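What follows is a set of notes on a single structure, which appears directly below.
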Amino acid sequence: MNGGFVARLDAFRAAEVLADLDVHFARFVAALADSDAPELALAAALVSRRMGDGHVCLDLAEVAGRVALPGVDDGGEAMEPVVAPSLARWTAALRATSVVGEPGEDRPLVLDVRSRLYLHRYWRYEGELARALRGLAAEEAEDLDVERLRDDLAALFPRESGEDPDWQRVAAATAVLRRLCVVSGGPGTGKTTTVIRVLALLLAQNPALRIALAAPTGKAAARMQEAIRATKDRLPLPAAIRERIPDEASTIHRLLGARRGAASFVHDGRRPLVVDAVVVDEASMIDLALMAKLVAALPRHARLVLLGDRDQLASVEAGAVLGDVCGPVPGFSEAAAARIERISGVRVPPGRPAASPLRDVVVLLDRSHRFTSASGIGRLASAVNRGDATAVCAVLRDPMAEGLAWHPASPATAIASAAADEYQAYLALVRDGAPATELFAAFRRVRVLCARRRGPAGVETVNRLAEEELRRRDLVARDAAWYAGRPVLVTANDYTLGLYNGDVGLTLPDPDDPTRLRVAFETEGGGVRRLTPGRLPAHEPVWAMTVHKSQGSEFDRVLLVLPPEDTPLSTRELLYTGITRARTSVDLWADEAVLRAAVGRRLVRSSGLRDALWGEGA
37 MNGGFVARLD AFRAAEVLAD LDVHFARFVA ALADSDAPEL ALAAALVSRR
87 MGDGHVCLDL AEVAGRVALP GVDDGGEAME PVVAPSLARW TAALRATSVV
137 GEPGEDRPLV LDVRSRLYLH RYWRYEGELA RALRGLAAEE AEDLDVERLR
187 DDLAALFPRE SGEDPDWQRV AAATAVLRRL CVVSGGPGTG KTTTVIRVLA
237 LLLAQNPALR IALAAPTGKA AARMQEAIRA TKDRLPLPAA IRERIPDEAS
287 TIHRLLGARR GAASFVHDGR RPLVVDAVVV DEASMIDLAL MAKLVAALPR
337 HARLVLLGDR DQLASVEAGA VLGDVCGPVP GFSEAAAARI ERISGVRVPP
387 GRPAASPLRD VVVLLDRSHR FTSASGIGRL ASAVNRGDAT AVCAVLRDPM
437 AEGLAWHPAS PATAIASAAA DEYQAYLALV RDGAPATELF AAFRRVRVLC
487 ARRRGPAGVE TVNRLAEEEL RRRDLVARDA AWYAGRPVLV TANDYTLGLY
537 NGDVGLTLPD PDDPTRLRVA FETEGGGVRR LTPGRLPAHE PVWAMTVHKS
587 QGSEFDRVLL VLPPEDTPLS TRELLYTGIT RARTSVDLWA DEAVLRAAVG
637 RRLVRSSGLR DALWGEGA
């Protein structure tokens with residue numbers, strides 16, 4: 037590297053190794069420091085690049101002495117790969133600049149003792165969130181009627197299942213006894229029924245309790261309230277309690293009071309939420325910045341209950357908060373285990389020693405009531421989670437594994453043809469003029485999920501080919517961009533229209549004028565609202581969608597598509613997330629070598645949050 041290194045970054049941008057933002061940030065930092073040190077420019081470009089890839093920081097130790105930027109072709113002239121300096125030289129060079137400070141210093145970049153380089157804002161988010169969560173975890177709830185809690189737990193969790201320990205009962209007891217409770221479990225492990233019982237227990241303690249329900253996306257919030265409404269009437273709850281259980285959920289952005297064009301919210305540490313408890317579903321989708329802002333907006337006395345699946349994909353933005361919060365899960369302390377047993381009647385063996393207060397608030401639900409250990413989807417998801425590629429392939433080849441099909445090597449045209457086969461039933465209902473509510477239910481029965489947006493097996497390609505195949509079969513109009521049945525996915529929030537990233541709409545004839553098309557969206561309470569196509573915010577067709585976009589959704593049947601070549605985006609967590617979106621069947625389209633590589637690759641994001649919550653090296 038030499039003094040002209042900043043100028044050389046344009047070649048890496050042209051080769052799409054770096055994004056525009058990465059290069060601009062490196063130039064900005066170099067100008068701010070009045071330095072042409074290549075160590076600084078490289079670090080700035082890489083920390084920006086890592087943020088774009090979902091990391092909270094750049095771990096210099098992982099890159100030092102290795103190829104940091106691959107060789108590229110600069111207009112016909114080959115440029116050699118850029119090798120990062122040694123860790124000692126790199127950290128010394130960074131600390132010598134005016135823009136890199138130690139933790140606590142007000143500098144644009146922060147370099148901690150573990151050689152992790154942060155944008156100052158994200159270093160602050162991480163530290164504030166860690167301190168707040170440790171504080172919440174350490175606090176027990178006050179003014180509890182323990183005898184009432186003991187009786188209510190016995191009534192709401194009858195010991196008929198024989199499951200021991202009953203982790204749902206343990207989770208419910210923990211959520212009432214502590215100010216923080218984190219419940220992680222896969223699909224069908226009872227998170228929804230558990231949280232309804234938690235709400236009932238809390239309301240029995242205080243009928244005037246103000247409870248907010250939230251989720252990261254509008255789609256996840258809608259599913260949360262649907263699940264609560266469908267479940268609470270089936271549980272043995274007193275009528276007075278059932279009526280008080282809230283069943284309206286909002287996005288976290290709406291709960292906090294999003295401001296147009298601003299990163300801050302109406303509610304923060306100075307203007308906290310007017311609530312006594314906040315319950316958040318699909319917590320794995322929450323990024324570091326949003327979680328920090330949510331926790332900062334909690335009133336001093338309020339409880340926080342986080343629900344999610346730590347094995348799912350992490351958020352699209354920076355951080356893997358739920359995974360870091362769940363940490364190593366060493367098990368309850370002796371004191372907490374004894375108290376839970378006294379109150380809930382469940383004997384919880386104390387775990388191995390751990391200093392973090394989070395050990396007494398994290399509960400894992402590990403028994404699926406949807407997928408038995410013998411079910412095809414259950415066996416496949418379990419093998420993926422274990423990282424056992426041989427077992428994954430064996431399950432997929434097992435003729436007794438119901439609901440699974442494997443297509444080891446197929447072109448995108450074959451995938452598109454299979455998608456067209458699956459959507460024929462939905463389009464027949466569109467053609468017959470079925471009610472919109474029936475059409476939404478039919479469209480939700482199946483979805484094609486891709487690992488990435490671009491490429492030969494990406495969302496853009498599969499969407500285009502599927503639409504061409506549907507036109508070829510005369511299932512949709514051949515010569516119109518908008519046609520009856522066209523599904524769309526909203527990709528940007530529009531607070532004026534009340535449409536949010538992830539909302540799905542269906543293009544249907546206007547009931548008042550069938551010659552005109554309108555895009556229908558489901559509303560709270562089972563209604564439908566219709567908009568002209570021209571009014572929609574940014575959107576795209578959704579015959580196929582990314583696995584990331586599918587989080588918070590469930591479908592009867594999933595066609596899961598991996599790229600034909602190995603890619604870092606194909607990970608164990610992506611596979612698990614895609615597989616567990618299905619209720620009854622999964623068709624997996626993946627080359628065996630690509631599949632094995634994905635099963636063996638964990639999604640690891642650079643962050644100091646786990647260390648801050650659980651201790652160094654947790």
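Take the sequence shown: its letters are residues 37 to 654, numbered as in our numbering. By construction, the Cβ of each residue, glycine as well, lies at the ideal position given by its N, Cα and C atoms. Computed from a prediction, not measured in an experiment: that's the story for all the values here.
Coil, strand or helix - valine 635 by DSSP: helix
Write down the C-beta distance between leucine 239 and isoleucine 281 rounded to the nearest angstrom, noting that I regard them as a contact closer than 8 Å. 7 Å
Can you tell which of Pro201, Pro194, Gly636 and Ala81 has its C-alpha closest to the C-alpha of arginine 422? Gly636
Starting from the C-beta of alanine 354, find all residues in its chain whose C-beta is less than 6 Å away, skip the five residues before and the five after it, and write them out in chain order. Met87, Gly90, Val92, Asp323 and Leu324
In chain order, which continuous runs of the alpha helix (DSSP H) of length 4 or greater are located wholly inside the stretch 534-589? 583-586
Proline 393 - DSSP class collapsed to helix/strand/coil: helix
Between the alpha carbons of phenylalanine 301 and alanine 445, how many angstroms are there, rounded? 48 Å
Determine the extent of the alpha helix (DSSP H) in which tyrosine 612 is found, giving its start and end residues. 608-615
Tell whether a beta-carbon distance below 8 Å holds between phenylalanine 591 and leucine 542. no
With DSSP as the reference, identify every bridge partner of arginine 593, one or two as the case may be. Val482 and Ser621
Please classify histidine 337: does DSSP put it in a helix, a strand, or coil? coil
Taking buried to mean at least 16 other C-beta atoms within 10 Å of its own C-beta, is glycine 40 buried or exposed? exposed
Taking the C-alpha atoms as reference points, what is the distance between leucine 147 and aspartate 627? 42 Å
Glycine 254, enclosing alpha helix (DSSP H) - first and last residue: 254-268
Can you say whether glutamine 204 is buried or exposed, counting buried as having 16 or more other CB atoms within 10 angstroms of its CB? buried
Are the CB atoms of aspartate 317 and alanine 417 within a distance shorter than 8 Å? no
Contact test: alanine 211 Cβ vs the ligand ZN heavy atom, cutoff 7 Å: No copy of the ligand ZN appears in this structure; indeed no ligand is present at all.
May I ask which residues mark the beginning and end of the alpha helix (DSSP H) holding proline 523? Per DSSP, proline 523 belongs to no alpha helix (DSSP H); it is in the beta strand (DSSP E), 523-526.
For the stretch 275-310, which segments carrying the alpha helix (DSSP H) assignment without a break, of at least 4 residues, lie completely within its bounds, in sequence order? 275-280 and 288-292
Report the three-state DSSP secondary structure of histidine 91 (helix, strand or coil). coil
Sequence-distant residues of the same chain with beta carbon closer than 8 Å to glycine 163, five excluded per side: Pro139 and Ala648
Starting from the N-terminal side, write out each stretch of the alpha helix (DSSP H) that is 4 residues or longer and does not extend beyond the stretch 396-484. 412-422, 425-433, 448-467 and 472-479
For tyrosine 161, which three-state DSSP category applies? helix
Which of the three DSSP states, helix, strand or coil, is assigned to glutamate 175? coil
Closest to methionine 260 by CA distance: which of Leu237, Asp56 and Val231 is it? Val231
Give me the DSSP bridge partner(s) of cysteine 217. Val341
Backbone CA spacing between valine 103 and glutamate 116 [nearest angstrom]: 10 Å
Of all the options Ala66, Thr559 and Tyr531, which has the alpha carbon lying nearest to the alpha carbon of arginine 296? Tyr531
Report the rounded CA-to-CA distance for valine 341 versus leucine 334, giving the unit in angstroms. 12 Å
How many angstroms separate the CA atom of methionine 37 from the CA atom of alanine 258? Annotation note: pLDDT 46 at methionine 37 (below 50); position unreliable, coordinate value reported separately. If I take the Cα positions, the gap works out to 52 Å.
Can you tell me where the beta strand (DSSP E) with arginine 152 in it begins and where it stops? 152-155
Taking the alpha-carbon positions, what's the threonine 133 to leucine 76 distance? 8 Å
Once you ignore the five residues that flank alanine 55 on each side, which residues in its own chain have a CB closer than 8 Å to its CB? Arg49, Ser84, Arg85 and Gly88
In whole angstroms, give me the CA-to-CA distance for tryptophan 126 and alanine 81. 14 Å
Between which residues of its own chain and leucine 172 is the CB-CB distance below 7 Å, once the five residues before and five after are set aside? Arg215, Leu216 and Leu340
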